[in-house]
Each structure stands twice: as structure tokens, then as C-alpha cells.
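J.:
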Amino acid sequence: MQLAPDQVSGYFRDGFLVLPALYCAAEVAVLQAETQRLSEVMSDCVKRERSGAARSILRVHETDGETASAAFRALTRTPRLVQPVTQLLGDDQVYIFHTKINVKAAFEGGIYSWHQDFGTWRSDGLRAPLPITAMVMLDDATELAGCLYFAPGSHQDGDVAHEEDHALGALNRLSADRRQLTRVLEARRPVPIVGVAGTVVLFHSNLVHGSGHNMSPWDRRQIYVVYNPVANKPSAVESPRPDFVCSRNCMAIEMVSDADILSTVGGSTAGKAPLTLGAACD
Ligand SMILES: O=C(O)CCC(=O)C(=O)O
């Protein structure tokens, strides 16, 4: 799947690009069922709200580990994600820096403070803000349900200083400095990133973003797949974060077929024979 020239220029101008309904209802249903299964796994890779509800489920793209998922692994390798990302990067040697499903449970899913992802990833030893995140909506994302907000074009403003983030369950250790943030948000009015389940949003690692509480009676599940060029893999740091947030597997990924999500129904771990249901959605 190739992006049109206006989509490419829109991405570089705004720091993000929305691709509506790229995954069909059948694929979304498989991924939702997997999310439900994974939220019950007891693991360091599953972060929880105070109530115990799953907040974030990490490392769903590998073939090993408690949160391994054949369906999510397939998703991360589908041409519908990999081709636009490699086109924007101008580099087809990419690996997955991390995967994270943010569940944002009905009524209780909490906020994500304003930040640039690179604000934290720099301290993981990443040299340049090159990673592109592909976010896939697993439910309809609405303002009531605590959708993401982006400050369009803020990736062009350079680094915003970050300070310790004390939001409950924060995995990004840092959130943006208030004074600088005020200037950025006054100049670059935030927009809600709403859409139907199956929508994909690509965004730059220096884009300022955040989200509010889920006030709705519905979960707002989204997966974030972060692709980093192999040439930009992190250098060693003194206190590395766990592999589930900063992957040590920097091997370039290979694409699978767009049909592969539907071929994995019931498959949750490596080595389990896939059950073929048919081709990908048209
Ligand atoms: O899922 C959200 O609403 C925000 C996620 C986010 O910004 C993050 O995890 O870095």
C-alpha cells in the first residue's frame, strides 16, 4: 500500500496521518478477542489501573513471552502498516521498538499527560527521533472515551523539556514541561483523533500528544506499534528499561500477507498451527 504524495506531505507538515478503516470488522473482532484474552494474563507486561483493570499490555508482537499473540504479531507485519511506514522513513530495514495496547477501560481508564515520545526514548539510548508509531483503533475512538489529542505540527518545534510523570501507571517516565507546553499548545491547537475501529494513525516521535480520562461506558482500546530503523537502534545506557518497552530484538522485520490476521484465529502463541479462515477483508 503506497501513500499518495499529498498524504506524504500531510504527514511531514502535521506530524501525523490518519488512514480511516484500514482494517475490517472481522480483523478488528479477532484483535479485540485477543485483547480480552491478554488483559487476563498476570505478567509484568500487563500494567493495571488501581481497580485492577488492564491499562497497557506490552510486547504482543514477539513469538515468546506471556503476552505473545499470533494475531497481533501478524498485524505488526501486514503490508498495510509496514509499507506506509517504510515509505515515510525511506528505509525498509525497520524493527519493532515496542508494542503496547492501551485499553483505557470504560469509566476508569486514566489520562496520559502531554508528552513527546522521544522525550523518554532519548533516555533509552535512541539517537534520533526517527521512529514512527502506527496506532490502530480497536474500538471507535471518541472524545467521551478519552481519544488521543495531537498538537498538529508540534514535531517541528524541536525538543520540549520533560519532567517526571507521576500519572498513575505512566510508562513514559516523563511528561512535557508546563511553560514550554503552554507555548506549543497555544500555537498549535490540539485536535481530537477520533475514528472508527480499524482506523490507523501514523505519527512522529516528536509530536506532542496526550489524552484524557475515559468517561464513557465503553473501553477505548488502541494498539501502538513503534517502528524504528535498524540503523537507529539505541546505544547502551546505564539503566536500561525492560525489553518490553525498549526491545533488544533489533532484527529487521519481514512482512507477512494481509490475510494473516484472520489466519490466526485461536492462535495465541508461537508454534500453534494457524486455523485458516480465508483471505483478508477486501
Ligand atoms: O492511549 C492513549 O490515550 C495515549 C497513549 C500515549 O500517549 C502513550 O502511551 O505514550
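Per the working numbering: the sequence shown = residues 86 to 367. All residues carry an ideal CB built from backbone N, CA and C; glycine is no exception.
Do you know how far the Cα of T171 is from the Cα of N313?
T.: Looking at the two C-alpha atoms, the distance is approximately 10 Å.
J.: Report the rounded CA-to-CA distance for P214 versus S290, giving the unit in angstroms.
T.: So the two alpha carbons sit approximately 6 Å from each other.
J.: So the alpha helix (DSSP H) T171 belongs to, where does it begin and stop?
T.: Segment P164 to L174, the alpha helix (DSSP H) holding T171.
J.: How should E271 be labelled, buried or exposed, when 16 other C-beta atoms within 10 angstroms of its C-beta is the threshold for buried?
T.: Per the 10 Å Cβ criterion, exposed.
J.: By alpha-carbon positions, which one of L116, A114, V115 and D91 ends up nearest to L104?
T.: Residue D91 is the option with its Cα nearest to L104.
J.: Taking just the CA atoms, how far does E323 sit from Q87?
T.: Going from the Cα of Q87 to the Cα of E323 covers about 40 Å.
J.: How many angstroms separate the CA atom of D224 from the CA atom of Y108?
T.: If I take the Cα positions, the gap works out to 11 Å.
J.: Which residue spans inside the segment 162 to 239 form an unbroken alpha helix (DSSP H) run of at least 4?
T.: Entirely contained in the segment 162 to 239, the alpha helix (DSSP H) runs reaching 4 residues are, in chain order, 164 to 174 and 202 to 206.
J.: Using C-beta distances below 7 Å, list every residue in its chain close to G95, excluding the 5 sequence neighbours before and after it, in chain order.
T.: For G95, where only same-chain residues beyond five positions count, the Cβ hits under 7 Å are L102.
J.: Which same chain residues, not among the five before or five after A89, have their C-beta less than 8 Å away from its C-beta?
T.: Within the same chain, A89 has no close Cβ partners at all.
J.: Since A139 is in the beta strand (DSSP E), which residue starts that stretch and which ends it?
T.: Here the beta strand (DSSP E) through A139 covers A139 to L143.
J.: May I ask you to report which of helix, strand or coil DSSP gives V311?
T.: Note: V311 maps to strand in three-state DSSP.
J.: Between R264 and H247, what straight-line distance do the alpha-carbon atoms span, to the nearest angstrom?
T.: Each residue's Cα considered, the two are about 11 Å apart.
J.: Report yes if the C-beta distance between R133 and T184 is below 8 Å; otherwise report no.
T.: It is not a contact, given that the beta carbons lie outside the stated cut-off.
J.: Can the beta-carbon of F157 be found closer than 8 Å to that of F235?
T.: Cβ atoms of F157 and F235: not closer than 8 Å.
J.: Could you compute how far the alpha carbon of D244 sits from the alpha carbon of H200?
T.: Computed Cα separation, rounded: 10 Å.
J.: Which first and last residues belong to the alpha helix (DSSP H) in which S296 is found?
T.: It is not in any alpha helix (DSSP H) - S296 instead sits in the beta strand (DSSP E) that spans H294 to S296.
J.: On the DSSP bridge assignment, give the partners of A33 in chain order.
T.: The chain is shown from 86 up to 367; residue 33 falls before or after that span and cannot be answered.
J.: Is it right to say R305 is buried, meaning 16 or more other beta carbons lie within 10 angstroms of its own, or is it exposed?
T.: Flag for R305 reads buried.
J.: For E125, which of helix, strand or coil comes out of DSSP?
T.: If DSSP states are grouped into helix, strand and coil, E125 belongs with coil.
J.: Do you know offhand how far D99's Cα is from L173's?
T.: Rounded to whole angstroms, D99 to L173 spans 13 Å at the Cα level.
J.: Could you give the first and the last residue of the continuous beta strand (DSSP E) run that contains R133?
T.: Where R133 is concerned, the enclosing beta strand (DSSP E) stretches over V131 to R133.
J.: Ligand 1 heavy atoms versus the CB of H146: any closer than 7 Å?
T.: For ligand 1, not one heavy atom lies less than 7 Å from the Cβ of H146.
J.: Quick check: the Cα distance between N187 and N299, rounded to an integer number of angstroms?
T.: About 12 Å.
J.: Quickly, what does DSSP pair G280 with across the bridge? List them, please.
T.: Note: G280 sits in a beta bridge opposite A226.
J.: According to DSSP, is F97 part of a helix, a strand, or is it coil?
T.: Three-state result, F97: helix.
J.: Between which two residues does the beta strand (DSSP E) carrying L287 extend?
T.: L287 -> beta strand (DSSP E) spans V285 to H289.
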